[in-house]
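Asker: Before we start, here is the structure in question, set down as structure tokens.
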């Protein structure tokens, strides 16, 4: 009887492919996430301007900065809270391709809206 | 002698939580994690459509979006962002506890996660109530009076608030679905179903919760912080 009860803890706590992240990493990521939240609110109170990069095309720098901060935060959550940094390559590929599909969805559609009218409307 | 006799059947019996079609718990957990990530990839596209609609309408009506977004409560949005980040931390600690097989810690931190999720939803209810009170909910009762907008610009403001309610509403729905699932996992943890060897359900619900957090990380600056 005692042999069976001892069999379970005999499992090594750190098994292959299941890296245990030390707790301080979670607290560090947490602190950085809160700091970046503060930064993104702070930046939103300042007008960073909107330079014209192409004729009639303005880029709102505030949006760019806010999105860069959000992407940084999301990356930290994915890598550490969601363990993707320590996950098998297959999981990393799925995560990466979900981002690629999102870029295709947004990139292709936006480029269509953006470029409409460049060549004029046929028949007018 | 008797140890050898009782040890033999324990090697033949499948470990607790192992489904018969998997070789071992490691393989099962890898398959489950991959499946969860495929689900999340699908969710990214699900929310992606809304983010795309937002991108197009904002580039079209940026000035009206700016005016309309100033009627959101940035303070509440910022507090909710912090609350959700805290809930992600407690969830990460719960998953950590599960990997080490600490039963009480799993339950404690899952309950904390649920409470923080409840705070988030409570703040959201207060915010939604404000919008109803100020006639900022799209539909026949929408009024641009508060925003000092009329005609076409009033209609464009309705587009902003439609996107606001669709995006935050779908996000809140994910949390409303997540809370009872976490409660169920906490109950199973309390019953002692999970160990250092078998804890995939805790890890998977953790992935789901962090994903919901990530959506909010993007919603907050896009909806609240248009300067």
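Residue numbers (the numbering used here), protein chains in the order written: chain P, 9 to 132; chain C, 34 to 260. All C-beta atoms in this analysis are idealised placements derived from N, C-alpha and C, irrespective of residue type, glycine included.
Using a Cβ-Cβ distance cut-off of 9 Å, determine whether residue 31 of chain P contacts chain C.
Answerer: Yes, its Cβ sits closer than 9 Å to a Cβ of chain C.
Asker: Return the bridge partner residues of residue 62 of chain P from the DSSP annotation.
Answerer: Answer by DSSP bridge pairing, in chain order: P/65.
Asker: Using only alpha-carbon positions, find the residue among P/121, P/127, P/118 and P/109 that is nearest to residue 76 of chain C.
Answerer: Comparing Cα positions, the closest option is P/109.
Asker: Find the residues of chain P that neighbour residue 107 of chain C, judging by a C-beta separation of less than 9 Å, and give them in chain order.
Answerer: In chain order: 49 and 52.
Asker: The alpha helix (DSSP H) spanning residue 129 of chain C covers which residue range?
Answerer: Note, residue 129 of chain C: alpha helix (DSSP H), 107-133.
Asker: What are the start and end residues of the alpha helix (DSSP H) that includes residue 207 of chain C?
Answerer: Where residue 207 of chain C is concerned, the enclosing alpha helix (DSSP H) stretches over 184-223.
Asker: Measuring alpha carbon to alpha carbon, tell me which of C/133, C/50, C/195 and C/102 ends up nearest residue 30 of chain P.
Answerer: When each option's Cα is compared against that of residue 30 of chain P, the closest is C/133.
Asker: Specify, as a first and last residue, the run of the alpha helix (DSSP H) that residue 234 of chain C falls within.
Answerer: First-last of the alpha helix (DSSP H) with residue 234 of chain C: 233-252.
Asker: Grab me the residues of residue 212 of chain C's own chain with a C-beta within less than 6 Å of its C-beta, minus the 5 sequence neighbours each way, in chain order.
Answerer: Hits under 6 Å: 147 and 150.
Asker: Just to confirm my understanding: we take residue 27 of chain P, look at its own chain, exclude 5 residues before and 5 after, and list those with CB closer than 6 Å. What are they?
Answerer: Taken in chain order, the residues that qualify are 94.
Asker: Under 6 Å Cβ to Cβ from residue 214 of chain C, same chain only, skipping five residues before and after it: list those, please.
Answerer: For residue 214 of chain C, where only same-chain residues beyond five positions count, the Cβ hits under 6 Å are 238.
Asker: Tell me the start and end of each unbroken beta strand (DSSP E) in the region 60-127 of chain P that is at least 3 residues and wholly inside, in chain order.
Answerer: Complete beta strand (DSSP E) runs here, min 3: 60-62.
Asker: Does any residue of chain C have a CB that is nearer than 9 Å to the CB of residue 109 of chain P?
Answerer: At least one chain C Cβ lies under 9 Å of residue 109 of chain P.
Asker: Here's the rule I'm using: 16 or more other beta-carbon atoms within 10 Å means buried, otherwise exposed. How should residue 108 of chain C be labelled?
Answerer: Counting Cβ neighbours within 10 Å, residue 108 of chain C comes out exposed, since fewer than 16 surround it.
Asker: Residue 69 of chain C to residue 198 of chain C, Cα distance in whole Å?
Answerer: Residue 69 of chain C and residue 198 of chain C: Cα-Cα distance of roughly 27 Å.
Asker: Once the 5 residues before and after residue 219 of chain C are set aside, which same chain residues still bring their CB inside 7 Å of it?
Answerer: Counting only Cβ-Cβ distances below 7 Å, and skipping sequence neighbours, we find 140, 143 and 144.
Asker: Check whether the region 72-82 of chain P and the region 45-53 of chain P touch, using three or more Cβ-Cβ pairs below 8 Å as the test.
Answerer: Enough Cβ pairs lie closer than 8 Å, so yes.
Asker: For residue 249 of chain C, I'd like the list of residues in its chain whose CB is within less than 7 Å of its CB, leaving aside the five on either flank, ordered along the chain.
Answerer: 114, 117 and 204, listed in sequence order.
Asker: Of all Cβ atoms in chain P, is any one closer than 9 Å to the Cβ of residue 77 of chain C?
Answerer: So yes, residue 77 of chain C belongs to the interface.
Asker: Examine chain C for any beta-carbon lying closer than 9 Å to the beta-carbon of residue 62 of chain P, and answer yes or no.
Answerer: With 9 Å as the cut-off, residue 62 of chain P does not count as an interface residue toward chain C.
Asker: Name, please, each residue of chain C whose Cβ falls closer than 7 Å to the Cβ of residue 94 of chain P.
Answerer: Here the premise fails: no neighbours, minimum Cβ distance about 11 Å.
Asker: As a quick exercise: from P/83, P/117, P/125 and P/113, pick the residue whose alpha carbon is nearest that of residue 103 of chain P.
Answerer: For residue 103 of chain P, the nearest C-alpha among the options comes from P/83.
Asker: Show which residues of chain P have a CB atom less than 8 Å away from the CB atom of residue 260 of chain C.
Answerer: In chain order: 52, 53, 54, 55 and 70.
Asker: Counting only Cβ-Cβ distances shorter than 7 Å, please list the residues of the region 234-251 of chain C near chain P, keeping chain order.
Answerer: Per Cβ criterion, the list reads 240, 243, 246, 247, 250 and 251.
Asker: Which bits of chain P does residue 102 of chain C rub up against, with CB to CB less than 7 Å?
Answerer: Residues of chain P passing the Cβ test: none, with the nearest at roughly 10 Å.
Asker: Say whether chain P places a C-beta atom closer than 9 Å to the C-beta of residue 47 of chain C.
Answerer: Answer no: the Cβ-Cβ gap between residue 47 of chain C and chain P never drops below 9 Å.
Asker: Is the shortest distance between the beta-carbon of residue 106 of chain P and the beta-carbons of chain C less than 9 Å?
Answerer: By this cut-off, residue 106 of chain P is an interface position.
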